[in-house]
Each structure stands twice: as structure tokens, then as C-alpha cells.
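The opening residue of the sequence shown carries number 1 in UniProt numbering; numbering runs sequentially from there.
Glycine is no exception: its CB is placed at the ideal position from the N, C-alpha and C atoms.
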Amino acid sequence: MTILRTETGSSYAAVLGVGAYRPSRLVPNSEVVDAIDSSDEWIQQRSGIKTRRFATDEETVVAMSVAASQQALDAAGIDARQIDCVIVATVSHLRQTPSAATMIAHELGTEQAAAFDISAACAGFCHGVALANDMVRGGSVGYALVIGVERLSDITDPTDRGTAFIFADGAGAVVVGPSETPGIGPVVWGSDGEHYDHIRTADWRDVLASDEPSMPCLSMKGNEVFRWASFTMAKTAQQALDRAGITVDDLDCFVPHQANNRITDAMARSLRLPDSVKIARDVVDAGNTSAASVPMALRRMIDDGDAKSGDLALLIAFGAGLAYAAQVVVVP
């Protein structure tokens, strides 16, 4: 019997560079409160959000991704032509096909890199990092580019009191490549599809069958999502620490999905994070950018000096599906 040849890659993989792009239009709470009969105080108490950013017409999913990716490539010292695969996590690329990833790969100047989108909502970026880690170690790619990008302003109802003040736009990216030492811990991921309708958009068939078809917008059962994330995700975070072989005392940074400051606080309490652990709070100024939130928050921590090269950072993200993923990474 003929035995197939297989490939093996690097013993380990790591995040080599981080990039982010923040849209130019700053939107304070005062700009959204009238349409939802709310107040700046109420929004801050509910979420911690003070401002968010909405993309202009020119700041497309592809354009924002290219900008964030170029920063990540520059930080990693990698040329786009070295990228073998582009993975894009998004729910707001509004073309059914082709994928945003193929267009981004072309715009960056990769040499016909494999490219595809994944739909895991807010957890998509952490899913992408897990896939890239396995690809590099398995030998199917040398370097992978993982992007989280959203234009949620396109699919948010500005009159919906439960979502209008939360969702925002932006992009974040990382380069994942070979490493001589472990740089990405084992992923802990899963989904709770029984509650798929806690965060969702309408079925396109229902939209088109209506008397006045319009863009399907996100809807969310906020209280249910808050309870689920606040308590269930702390267990997932602890599992990621355990699988990486570290404790909270070894941790330097906690970078959760930037959904809500109260959820972040609940997870930090459940994990009993020591005061020495820096916690990402990008949601205050950036809002909830879904798949983009973790890499954007990590890039801000690096820029602010809260995350330093060699630090151990716990990443965790969760959202529609209800899908979730967590892993520990070494800050590049």
C-alpha cells in the first residue's frame, strides 16, 4: 500500500505582530441618546461606554482590514508576500460571496494566499487565532494573518434601546508565525446553540417577504446574554489557564471581548485576578466591535504600555451562537 506523504510545521507558533484601525468618526453617547430615549449616565452605568466609532463610506470592511493588517505586518517585520493564509472574522461583510478575505489578501499584495471568512460573531477572532496556530504547527502555512473586523453600524437599529448604544466599528489584526518557544496556548472553545436566538439578525427570506424590506438589524436579549457571559465565561477562562499550565498569578494581562464593563468585572472577580493583572477596557472609548474587539483592545494595551513584550495575556471572546473561545498568548 502506498503511504501518503504528510507535512509538519514549526514546533510552536506565536503572535508576531498586532495591528488595529479605528474609524475616523467619533460618536459620543450624546449622539445616540435621543433616538433611544436614554441618557449618557444610563449608558455608562449599563455598559461603561462613553464613545464609540462609526465608519465613513470610505472606511469599508476591506479598507479597515488592510490598514490594521499593514500595522500588524510592520510590527511583525513580515512582508505581505510571506503570508500564506488570510483568515477574516466578521459578521458585517454584507456580500454573501466572495469572502472579504480574498479581497483583503489581494489588496495587501499577498501572492495568492489562501483566504476565507469565518462566522463566529464576537468569538471569531479567537477562533481564527486557534486555526492559525494549528496551521503553522501542522505545516499547511508558514505565516497566517488573522483579522477581526466589523461595521456593525450598518446592521444596528439606531432606535433599538437594547443595541443602539453598544455596537460600533473597527478592525484588528495579528500575524501568527513559527516560534522557537510556545507562544499560543491550547484553545478552549465551544457553543451553546440552544440559545442561538439571544443575539441574531432576521432571516433574509423573512425580510424579503415583508411589505417594506429593509436591512436586517441585530437584536439581543441583553439580560440573558449578560447572565450567561458573566458566569459561564469565567469557567472557560479558567480552563484556558489550566490547559496552558499557568495560574492567575502568572498572568500579566486580561483581554476579554469588549462587550460590557460589567461583564468584564464579573469575570475578573470570578477568576480572582490579582491587582497586578492589567485589564483591557477599550469598550469605554470603542464600544462593542464584535470580532474586532480583542485585537483592538490588545493593540491599545501595547500602545499604552499595559501589555509588554513577553507578557502572558488571556484572551476570551463570546457572542452570537452562543459561541465562545479562549486562549493564553505571549504578547509580541
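Nearest to residue i (by Cα), restricted to the options the options
i    : options                   : result
R243 : G138, S153 and I184       : I184
V62  : I87, S230 and D34         : I87
A266 : D250, M103, A234 and V330 : A234
A168 : I3, D282, F116 and E41    : D282
I51  : V27, E59 and L271         : For clarity, residue 51 is Thr in the given sequence; the question names Ile instead. Ranking V27, E59 and L271 by Cα distance to T51 puts V27 first.
D306 : A286, Q327, S290 and P332 : P332
T264 : F226, S153 and A240       : F226
I302 : F254, R272, A326 and S179 : F254
V15  : G142, A286 and E59        : G142
Cβ separation of residue i and residue j, assumed to be a contact under 8 Å, to the nearest whole Å
i           : j    : result
residue 336 : V174 : Not covered by the structure: residue 336. The range shown for the chain is 1 to 332.
N260        : G48  : 7 Å
A113        : D160 : That belief does not hold up - the Cβ atoms of A113 and D160 are roughly 38 Å apart, past 8 Å.
S140        : G321 : Incorrect: roughly 26 Å between the Cβ atoms, too far for contact.
L218        : I279 : Their Cβ separation, rounded to whole angstroms, is 26 Å, which puts L218 and I279 out of contact at 8 Å.
G9          : V136 : 5 Å
G170        : E150 : 7 Å
V32         : S39  : The pair is not a contact, with the Cβ atoms about 11 Å apart (cut-off 8 Å).
Beta-carbon proximity list for residue i, same chain, < 7 Å, skipping 5 on both sides
i    : result
R81  : G109, T110 and E111
F318 : C122, A123, A229, M233, H257 and Y324
R299 : V18, G19, A20 and G172
First through last residue of the alpha helix (DSSP H) which encompasses residue i
i           : result
residue 334 : Shown here, the chain extends from 1 to 332; a query on residue 334 therefore has no answer.
A72         : V61 to A76
S270        : N261 to L271
D57         : First-last for D57: undefined, no H or E at that position.
F125        : G124 to G138
V207        : W204 to A209
Q239        : G222 to A244
8 Å CB neighbourhood of residue i in its chain, flanking five on each side removed
i    : result
P213 : V207
Sequence-distant residues of the same chain with beta carbon closer than 6 Å to residue i, five excluded per side
i    : result
P216 : T201, A202 and V207
A120 : H127 and A323
M64  : Y21, V149 and A171
Enclosing beta strand (DSSP E) for residue i [first to last residue]
i    : result
A144 : A144 to R151
Are the segment 150–170 and the segment 304–319 touching by the rule of at least three beta carbon pairs closer than 8 Å?
-> The segment 150–170 is not in contact with the segment 304–319.
Evaluate contact between the segment 18–25 and the segment 295–308, counting only Cβ atoms and requiring at least three cross-stretch pairs below 8 Å.
-> In short, these stretches touch, since the Cβ pair count reaches three.
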